[in-house]
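Visitor: The sequence shown begins at 1 in this note's numbering and counts up one residue at a time. This is the structure I have questions about; it appears just below.
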Amino acid sequence: MQQQAYFLSLKKLLTQEKSADLEQYNALISHASTKEKIAKGLCWEPLVIKETGYGLGDYPFVVVERVKNKEITHQFSGGKLVRLYLSGGAPEDKSNGTIHFLSGNTMKIILTANDLPYWLSSGRIGVELLFDDKSYEVMDDVLDLLSQKQHPIVSHFIDLINGTKPQIKLSDLESNESYSPSSKLNHSQNEAVNAIIHNQDICVVHGPPGTGKTTTLVEAIIQLTEIEKRILVCAPSNAAADLLTEKLDVAGINVIRIGNLSRIDQAIVSHTVEYKLAESDGNKLIKQIKKQSDEYRRMALKYNSKFGKDERTQRNLLLKEAKNCVKDAVDLENTAIELMLEKAQVVTCTLVGANHRHIEKLKFETVIIDEAAQALEPATWIPILKAQKLVLAGDPFQLPPTVKSDEARKNGLEITLMEKALKNLRNVNLLKVQYRMNEQIMGFSNQYFYKGKLEADATVKHHGLMINGTFSAQLELIDTAGCGFEEKTKEGSRSYFNPDEWQIIQKHLNNLLFNSNEKISIGVISPYKEQVEFIRENMGDNLLASHDITINTIDSFQGQERDLIYISLVRSNEKSEIGFLRDYRRMNVAMTRAKKKLVVLGDSATFGSDAFYGSFLQYCETIGAYRSAWEWMGD
């Protein structure tokens, strides 16, 4: 397919996705009263202002606390776009911003305005969720560019990925001298590093759970910094970009993190342009110039509307001087930022962040995209435009990208660039040794997703939990069939919860904790948000305070691990409807979070007829991991 036609097709899918996303948002927001928005978890009102001020980059921030309706589950989260407003105020009494962090009923918002709103202390304040179309705009612009003009390197990449042009194997290159393998890496990891170093076009690193993908990428980046001036490292999410930034810093790499300050983890904010600028020697002069600009503007505004020619001339001169000062300050800032980026060995950002004004004109020899199997294809082309060579890293058998349009999904938007590359490229490197799970926990995923190619490292192969001096079963499937544990829904919610499954988890967990001989980390996971909320509400503060327990959805556990994991499948009905339990890749994520013990609860009468869960049921029966919930019934 020609480049223009290829990207016009992608643009059509992206338009469908944006329309579906906006339609879902409008269905929640449109014509809804404040009371209805609060009930849907899209609005907090009233608020208490806990703190205000100015942070890095002189951006104003507001910390607010929800004081009513705290029991309502909300849809706010870090990085989302919101609007702070004065209830009953004028149309202009609003200010947009981004959620910097969210903890319980407290939210820090970094505002996009230059100053704090004057109306913050004027009455009842609220905050509501907004539709954020910035990412769509950036993706759309890139697709427009690629569909209108031929880019030789992009056309080459498309031909390779779609299999219309064969890729040269690295082993066929005369210059392919192997790097000295690192003793810290295993054989498959070293092979992947070598492939990245000698990559001539596109290299794929397939990293299943626990196989050290990040460790491998960091080693490859260290090696690349010896032979390339500067490398761009991207990921679909801020969390993934932050993690890579942290790991590269620990490795001694000069790394700069580009992006929206409100969406960057506080732990690595010292690597941002804004922080480095604030700490630079030239910042004092920049602040003085900005202060002078403010003084000129203040003096100019002293003139009222009834002034003569001389006063008007003086006012215009002052405003001109203020404008010149701003220009001088911006020029000094840009020069300082250019110098920072010139010295940087690695620049990290999100995919959309690759379009950031600080780096929009920069080119890189190698661009590395981590978690590429979670990224919408239109987003991956944003950083690829800056590349001569490309590395795609991830696992297509874990979390897929989120696609809200059924039509776009049906027409292929959910298929990532990495999935296409895995089918046709020759330079694909599978990381084969995993260091997280014991052999039984790994076994099912290994068979079902990875064709049995994975092996558990000797350090984890047989490890488990010590209970009363003996090893506990490494895997348990607790079947609730016949127990009457029917799924439930809350009015107005499309999610499900199952209180009875939580009762079994609670008894099982209390028994383990009472008899355990060691301190263990624990995760309780469910695909359903309502189940997560129910368990959080009923866990008990004493249990949470005295043990390392995390309760969350599957998506939130991506990249994490715990000694002990419980998975509550929730669905239990006479029609054998399992809904999005059919997203097997998400279940692969859930099943591969446990290091020492995995406990799965579900109703085999509901999920057993599904091929995936039927295979899992058979696997558990084969290794003696099947249990009935009746063992925990009663007192």
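From the three backbone atoms N, C-alpha and C, an ideal C-beta is built for every residue, glycine too.
At which residue ranges does the segment 526-600 contain complete alpha helix (DSSP H) runs of 4 or more residues, listed in the order of the chain?
Guide: 529-538, 541-546 and 584-591
Visitor: What is the C-beta distance between Ile520 and Ser568, in whole angstroms, given that I count them as a contact (C-beta under 8 angstroms)?
Guide: A Cβ-Cβ separation of about 19 angstroms leaves Ile520 out of contact with Ser568 under the 8 angstroms criterion.
Visitor: Can you name, in chain order, every residue of its own chain whose Cβ lies under 7 angstroms from the Cβ of Phe485, other than the five neighbours on each side?
Guide: Asn498, Asp500, Glu501, Ser572 and Asp603
Visitor: According to DSSP, simplified to helix, strand and coil, what is Gln388?
Guide: strand
Visitor: Please list, in chain order, all residues of the same chain as Val330 whose beta carbon is under 6 angstroms from its beta carbon, the five residues on each side excluded.
Guide: Apart from the 5 residues on each side of it in sequence, Val330 has no Cβ closer than 6 angstroms to any other Cβ in its chain.
Visitor: For the alpha helix (DSSP H) that Phe7 lies in, which residues bound it at each end?
Guide: That run of the alpha helix (DSSP H) goes Gln3 to Ile29.
Visitor: Looking at Ile467 and Leu512, is the spacing between their C-beta atoms short of 8 angstroms?
Guide: Yes. Within cutoff.
Visitor: Contact check, Pro527 vs Arg585 under 8 angstroms by CB: the rounded distance?
Guide: Contact between Pro527 and Arg585 does not hold, since their C-beta atoms are separated by about 12 angstroms, which reaches or exceeds 8 angstroms.
Visitor: Could you tell me which whole beta strand (DSSP E) segments of length 3 or greater appear in the segment 175-228?
Guide: 202-206
Visitor: Check for me: the beta strand (DSSP E) holding Glu365 runs from which residue to which?
Guide: Run containing Glu365: Phe364 to Ile369, per the beta strand (DSSP E) assignment.
Visitor: Would you list, in sequence order, the uninterrupted alpha helix (DSSP H) runs of no fewer than 4 residues that lie entirely inside the segment 422-482?
Guide: As far as the segment 422-482 is concerned, its whole alpha helix (DSSP H) runs of at least 4 residues are 439-449.
Visitor: Confirm, please, whether the CB-CB distance from Glu476 to Ala625 is below 8 angstroms.
Guide: If you check the CB distance, Ala625 and Glu476 come in under 8 angstroms.
Visitor: Hey, could you find the ends of the beta strand (DSSP E) Val346 is sitting in?
Guide: Per DSSP, the continuous beta strand (DSSP E) segment holding Val346 begins and ends at Val346 to Thr350.
Visitor: Please confirm whether His100 and Phe76 have their CB atoms less than 8 angstroms apart.
Guide: no
Visitor: May I have the straight-line CA-CA distance separating Thr348 from Thr272, to the nearest angstrom?
Guide: 10 angstroms
Visitor: Who does Asn316 pair with in a DSSP beta bridge?
Guide: Asn316 pairs with nothing; no bridge assigned.
Visitor: How about Leu422 and Pro400: are their beta carbons less than 8 angstroms apart?
Guide: Contact flag unset, no.
Visitor: Among Asn96, Ile578, Lys361 and Cys234, which has the Cα closest to the Cα of Leu390?
Guide: Cys234
Visitor: Which stretch, first to last residue, makes up the alpha helix (DSSP H) that contains Asn96?
Guide: Not the alpha helix (DSSP H): Asn96 falls in the beta strand (DSSP E), residues Lys94 to Ser103.
Visitor: For Phe616, name the three-state secondary structure that DSSP assigns.
Guide: helix
Visitor: Do you know how far the Cα of Ser472 is from the Cα of Gly155?
Guide: The question names Gly, yet the displayed sequence has Ser at residue 155. Roughly 55 angstroms between the two C-alpha positions.
Visitor: From Glu439 to Ala241, what distance separates their C-alpha atoms?
Guide: 31 angstroms
Visitor: Between the C-alpha atoms of Gly412 and Leu13, what's the straight-line distance to the nearest angstrom?
Guide: So the two alpha carbons sit approximately 8 angstroms from each other.
Visitor: What does the alpha-carbon distance come out to for the pair Glu338 and Thr606?
Guide: If you take the alpha carbons of Glu338 and Thr606, they lie about 59 angstroms apart.
Visitor: So what does Asp523 bridge to, in DSSP terms?
Guide: Note on residue identity: the sequence assigns Gly, not Asp, to residue 523. According to DSSP, Gly523 bridges with Thr550 and Ile565.
Visitor: Do you know how far the Cα of His356 is from the Cα of Ser121?
Guide: 35 angstroms
Visitor: Looking at C-alpha atoms only, which residue of Thr480, Ala481, Asn517 and Glu530 is the closest neighbour of Arg494?
Guide: Glu530
Visitor: Just the C-alpha distance for Ile125 and Glu92, rounded to the nearest angstrom, thanks.
Guide: 14 angstroms
Visitor: Compare the C-alpha of Ala20 against each of Leu81, Gly97 and Phe131 and name the closest.
Guide: Phe131
Visitor: Report the three-state DSSP secondary structure of Val127 (helix, strand or coil).
Guide: strand
Visitor: For Phe364, count the other beta carbons within 10 Å of its own beta carbon; 16 or more makes it buried, fewer makes it exposed. Which is it?
Guide: buried
Visitor: Per DSSP, what kind of secondary structure is Met340 in: helix, strand or coil?
Guide: helix
Visitor: Would Asn162 and Asn424 qualify as a contact pair, given that the criterion is a beta-carbon distance under 8 angstroms?
Guide: yes
Visitor: In chain order, what residues of the same chain lie with their CB nearer than 6 angstroms to the CB of Pro209, ignoring the 5 residues before and after it?
Guide: Thr592
Visitor: Determine the DSSP secondary structure at Gly353, reduced to helix, strand or coil.
Guide: It is helical.
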